[in-house]
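If you're matching them up, the sequences are chains A and B in order.
Reading the first sequence from the start, the letters are residues 1 to 228 in UniProt numbering.
Reading the second sequence from the start, the letters are residues 1 to 1017 in UniProt numbering.
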Amino acid sequence: MDPQMTEVTQLFGRFKAAFIRNDFVSCNSLLSQLKVLLTKFPSLPPSFQESPNAVQELTIAREIYEHAVVLSVKTEDQDAFERDFFQLKPYYTDTSGILPSSPQEYPILGLNLLRLLVQNRIAEFHTELELLPTSALDNPCLKHAVELEQSFMEGAYNRVLSARQTVPHETYVHFMDLLAKTGHPEWEIKDGFVFFQKAKESAPCKEIPSLQLINQTLSYARELERIV
Amino acid sequence: MATTTVAAPSSASGLLAMLSEPHPALKLHALDKINSLIHLFWPEISTSVPTIESLYEDEEFEQRQLAALVASKVFYYLGELNDSLSYALGAGPLFDVSEDSDYAHTLLAKALDEYANIKSKGLKPNEEAAQIDPRLEAIVERMLDKCITDEKYQQAMGMAVECRRLDKLEEAITHSDNVHSALSYCINLSHSFVNHREYRSEVLRLLVKIYQRLPSPDYLNICQCLMFLNEPDGVAAILEKLIQSGSKDDALLAFQIAFDLVENEHQAFLLNVRDCLPDSKSQASNEQPLEAVDHGRTEAGSPNGYVSTAADTPTSAPEDAHIDGSHTPNATPHGKEPNDFAKLKGILSGETPIQLTLQFLYSHNRSDLLILKTIKQSVEMRNSVCHSATICANALMHAGTTVDTFLRENLEWLSRATNWAKFSATAGLGVIHRGHLQQGRSLMAPYLPQSGASAGTSPYSEGGALYALGLIHANHGEGIKQFLRESLRNTSSEVIQHGACLGLGLAALGTADDEIYEDVKNALYIDSAVAGEAAGICMGLLMVGTASEKAGEMLAYAHETRHEKIIRGLSLGIALTVYGREEEADTLIEQMTRDQDPILRYGGMYALALAYRGTSNNKAIHQLLHFAVSDVSDDVRRTAVLALGFVLCSEPEQTPRIVSLLSESYNPHVRYGAALAVGISCAGTGLSEAISLLEPLTSDVVDFVRQGALIAMAMVMIQINESFDSRVGTFRRQLEKIILDKHEDTMSKMGAILASGILDAGGRNVSIKLLSKSSHDKMTAIVGLAVFSQFWYWYPLLYFISLAFSPTAFIGLNYDLKVPRFEFLSNAKPSLFEYPRPTTPPTSSSTVKLPTAVLSTSAKAKARAKKDAEQKANAEKLSGEEASGSGKGQKPSEKHADSMQVDSTSERKVDPEPSSETIVNPARVLPAQEKYIRFLEGSRYVPVKQKYTNRPAPSGFVLLRDLQPTEAEVLALTDAPAAVASAAGGGASAATQQGSTSSAMAVDDEPQPPQPFEYTS
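So this is what it looks like as structure tokens:
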């Protein structure tokens, strides 16, 4: 077996052990080492070079990034989540012909949707949704996120609050908490109630730029004069 | 990368996410991958540019340069070339100059532009702009070096010139495989692409330096450069060296150089060169050429004067030369050198070329008197405008030919010209006798002011005669300016002052003679409108192109005086002083164009036109276009458009495109200007687009637009014949129709008459050329047209157009500056370049209408008679031209034996037209014909240019090497000066007409009217 592969596998083993121990500090440092090692693999995206170990490399890389995403949830690091998720995504989108799909795929996609919802990035939320096949929407993880969004839009905040009890995966709890904690620009949740903030007053009507209009009209007239 | 891939990436978001990883190795990896994928995912990547930029700015990041490269590429794809370039500079060595990608190409071009831009700014006074990013400089140098090592010398030279890197230019030229062609390429480059005058001088100076280092310097080009740099002593040194080398070929080359310099008509420079040449003994031997001419004159009566062999040539000079050539060249240095210097000086002073031109125009004159007759008959007697125009048309048709038959035949008709018309008519003689330096004064004597009693002649003809003298001596007024000065000083009549001023200006063109200037200034300060106008123009003519401080004085007076005519004259004069000074003139132009007085702004337009003549300078064009559409005065707008013609005269193809919109303007003045702009810049080209643009204008609703369009059309179509462009025939018929139409208004009639004159100018042997063969501007021609365009205000100025006429001739010269007879080839169909057929008298059209009325017997008889005449003519031709051998029709040089026949072409209709023709030196060679000119294999004479530069010598004065110097030479053009001289002599003496008329008639064969038709029923 390829020495690099061995190294990665061993390191990954230690990472997983630390992960189970919930030793996040060592997890992070191990993860960082792993990522650097991964850059040496030629078959990883975006190069996708053919090599004898391609499948093996891709599989382990995918698994590492999946763990990284979950780790970031646990450490409540949203930036790291985003970073790791984007690095993981090519393994889902571009390797369908090479790798069997991962069992973690839908839970993680669902997590991402939830994150977008939490960050109130509704447009991106829908973009992501459009990119998924329709069959995927039946998956409980994705369904949960979609329903949550619908509840928001409808204004059924009671359902939003009760959704915490029906999370399809333990990691989702974290985001649900966040949802409750951070709130949104228009509303926030306090003690189980939804409070709406008063809409800001819109800016007063602008004055008509009379001088500018006069200038423009005059110069237009002058230009007309000059037409040959 | 050749390795296969298992899948294609669909997005760069993963890599972008990796960029924000804390570990530098990951960032680096991501950057690297992004760099390789940027062409696919730049839209995605562009959103993360700030991240990449911050990586570049992060001092601790190892691969800042890579980040810069990536950022540069992103900006390139976004079209932000400035940002892209600045990051590319940050990328240092990672930015690969030799990379063959759009990115690299675009950025390199951008870098060059930027560098050239900074460099050219650096020339301006504020030195701070000259700070150049050393990295930018490094890239440009890398580029230049690469071009040189890749042997792409032309690119390297172009870039070096543009970037103002003369050191690199020198390197490129000296490394190139063909230094000569590289140098001439650079000369072209510097003239067509270097806008800044001073910098162009620097480039040329460098070129001269390189030329001089070569083992076999190209003296022709060096001298052209030196002329541009205005270094007469340099030219003189070269000429002296060539002549003193003792080799005959070198002397020929010196003559050739002199002729080429003369073509640029830079009088002051040429005189300086002449004065720099050594003086030893040349004064004494200066007489010799004149003597030769005198001899020729006495020989005139001899029957075989036409084809004279060397044996009976009056002077013994050719034989001397043969001896020189066959024996050791250095054997007679003392006898020979001054002789050569005298010849050289004769050329430089313009005497020799002018004389040869005169002989050529005289002997080849093909003007069609019938056209004039038709005009004369159809023009109403009382209409003085058309009457004057007819006289002018005659003068133009015979410009430089010395043929004044028409005037002499119509003395009574001519006498109808009174007052200023008389002035013009007299001045017209100057056009006809242009270049007749020796006899000019005696020719005009009857009209000139007499010192003692001024009772006889009217001031108008006296003034006209002084103007005529100026036209005769235009640009070569050494001998006449004293006389003109005296005439100016001795008169108090404003008409005579007017004539004298114009004459002085023409004769002393560009000499910046202070004494003359003072005299003219005195005339100006009398503050008479008529004299002042001419004085203003004269001052300008004197100071052409000197950018003299006198302009300020003139401007001050223009503000002072209340006469519009004087202001106009002065403002044109001021414009003339900045001729060719380009950006040096900007201050003055600014001053004039911002003046309150529309007449001064109008002068400002001329200043723009003349300062930037033939440069196609963008800034000047923009300025002119701006004035053309925004000035409140119609005069200024008209002139602004017209001025475009001068600025664009080096690129005639551009003009129709640029003025096409203006030619459809609602303002007739702008349309008029557009017509003349096309006429000026496309003169003599027969350019199809120009004709298409002018065609609708010739039937414009406004009379003066029609006039301008007709004149412009004639300028464009000059010397183009119907088989070259069928619209020429249409135009000629249109002119005839306008002239004959009783109801046509005077303005367009005048235009049509003048157009007929221009169309057949100079006996159909001249064209309007604003650029010399070396594509320098011809100062006299451009100045001539500029003043000519003033005819809008003052008809006598029409005659200035004759300054722009230059003969389209091939004149081969031997060592003695004589014209030997020999044949060469024009590799094109003769009909393309032949003379237009002479017009037939109007009665012939009625015979055509009634063909059935002619009995077959009489028709046969006619045909027989015609055939007989033809055969006779052919027989004559064959016997007369044994030397030329081939009996092909329509030889320009042959006497007009067959032009007498109305349908001499019937012969050719039967035979397919030959694809080439043999022509005999000296010959009419049209500009468009030049590329078809070949020398015959084994020809006795070869152009000297070919030996030295391997360039063709298709027209103009061509010095020839005689390969068989021991054989006798057959000379042509020997009779012409004699006949001219006798005609002139006769004209000067008291018994004026008879002698000259008959001698003129003898050469000028006019088609005979056909026999009266027979109507038999």
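A virtual CB, placed ideally from N, CA and C, is assigned to each residue, including glycine.
*asked:* Beta carbons nearer than 9 angstroms to chain A: which residues of the region 776-792 of chain B have them?
replied: Answer in chain order: no residues at all.
Answer yes if the region 661-679 of chain B comes into contact with the region 695-710 of chain B, meaning at least three C-beta pairs across the two stretches below 8 angstroms, and no otherwise.
yes
- Identify the contact partners of A8/B in chain A, using a Cβ-Cβ distance below 8 angstroms as the criterion. F48 and D94
- Using the Cα positions of K110/B and A68/B, report the straight-line distance between them to the nearest angstrom. 17 angstroms
### Query
Nearest to V925/B by alpha carbon, out of P22/B, G510/B and A809/B?
A809/B
Quiz item: Of the choices N921/B, V920/B and S774/B, whose alpha-carbon is the least far from that of I187/B?
Solution: S774/B
* Asked: Taking contact to mean at least 3 C-beta pairs separated by less than 8 angstroms, is the region 53-63 of chain B in contact with the region 33-45 of chain B?
  -> No, they do not touch.
- Got a sec: does the ligand SAM put a non-hydrogen atom nearer than 7 angstroms to the Cβ of E99/B? The ligand SAM is absent from the structure shown, which contains no ligands of any kind.
Q: Could you tell me how far apart the beta carbons of V670/B and A628/B are, in whole angstroms, since I believe they sit closer than 8 angstroms?
A: 6 angstroms
Checking the sheet assignment: what are the DSSP bridge partners for G805/B?
Contrary to the premise, residue 805/B reads as Phe rather than Gly in this sequence. The partner list for F805/B (beta bridge, DSSP) reads I768/B.
Worksheet entry | H626/B versus A675/B: straight-line alpha-carbon distance, rounded | So the two alpha carbons sit approximately 18 angstroms from each other.
*asked:* Quick check on V701/B: buried or exposed, where buried means 16 or more other Cβ atoms within 10 Å of its Cβ?
replied: exposed
Rounding to the nearest angstrom, what Cα-Cα distance links Q154/B and F125/A in this structure? A straight-line Cα-Cα distance of about 58 angstroms links Q154/B and F125/A.
| message | Give me, in chain order, the residues of the same chain whose beta-carbon lies closer than 6 angstroms to that of K33/B; leave out the 5 immediate sequence neighbours on both sides. | response | L15
**Asked** Count the other CB atoms within 10 Å of the CB of L466/B; is the residue buried (16 or more) or exposed (fewer)?
**Response** buried
message: So, at 6 angstroms on beta carbons, what are the nonlocal neighbours of P668/B in its own chain, with the 5 sequence-adjacent residues on each side left out?
response: V702 and V705
Just the Cα atoms here: how many angstroms apart are P278/B and K778/B? 27 angstroms
Measuring CA to CA, which of T418/B, N618/B, Q596/B and T587/B is closest to A607/B? T587/B
Identify which residue in G784/B, S756/B and H776/B has its Cα closest to the Cα of I768/B.
G784/B
Which same chain residues end up closer than 8 angstroms to S879/B when comparing Cβ atoms and leaving out the 5 residues on each side of it in sequence? In this prediction, S879/B scores a pLDDT of 48, lower than 50, which makes its location untrustworthy; the coordinate-derived value is nonetheless stated afterwards. Within the same chain, S879/B has no close Cβ partners at all.
message = Measuring CB atoms only, is the region 468-477 of chain B touching the region 212-225 of chain B, in the sense that at least three cross pairs come out at less than 8 angstroms?
response = no
Nearest by alpha-carbon distance to A640/B: which of G604/B, E664/B and S650/B is it? Comparing Cα positions, the closest option is G604/B.
_So if DSSP puts R924/B in a beta bridge, which residue, or which two residues, is it bridged to?_
A809/B
Worksheet entry | 8 angstroms Cβ shell around P24/B - same chain, five flanking residues per side excluded | Shown here for P24/B: same chain residues with a beta carbon closer than 8 angstroms to its own, the five before and five after excluded, namely F61 and E62 in chain order.
With a threshold of 8 angstroms on Cβ separation, who are the neighbours of S748/B within its own chain once the five nearest residues in sequence on each side are excluded?
D703, R706, Q707, L710 and I738
Option in V179/B, Y185/B and L661/B with minimal Cα separation from P215/B
V179/B
Could you tell me whether the Cβ of G14/B comes closer than 8 angstroms to any Cβ of chain A? yes
The alpha helix (DSSP H) spanning A474/B covers which residue range?
That residue, A474/B, is in no alpha helix (DSSP H); it is neither H nor E in DSSP.
- Of the residues I371/B, R205/B and V70/B, which one's Cα is nearest the Cα of residue 1036/B? One cannot answer for residue 1036/B here, as it falls past the ends of chain B, which runs 1 to 1017.
- How big is the Cα-Cα spacing for W413/B and L407/B? Spanning the two alpha carbons is a distance of roughly 9 angstroms.
Can you tell me which of G435/B, T426/B and S692/B puts its alpha carbon nearest to the alpha carbon of M444/B? T426/B
Legend entry - Residue from Y211/B, M592/B and A138/B with nearest C-alpha to I173/B: Comparing Cα positions, the closest option is Y211/B.
Open item on the list: Counting only Cβ-Cβ distances shorter than 7 angstroms, please list the residues of the region 25-54 of chain B near chain A, keeping chain order.
Closed with: A25, L26, H29, K33 and L37
Distance between beta carbons of L144/B and R165/B, contact taken as under 8 angstroms: Yes, they are in contact, since the Cβ atoms of R165/B and L144/B sit about 7 angstroms apart, within 8 angstroms.
Report the residue from D634/B, A399/B, V203/B and K373/B whose alpha carbon sits nearest the alpha carbon of I599/B. D634/B
* Identity of the residue in S84/B, L40/B and G79/B nearest I52/B by Cα -> S84/B
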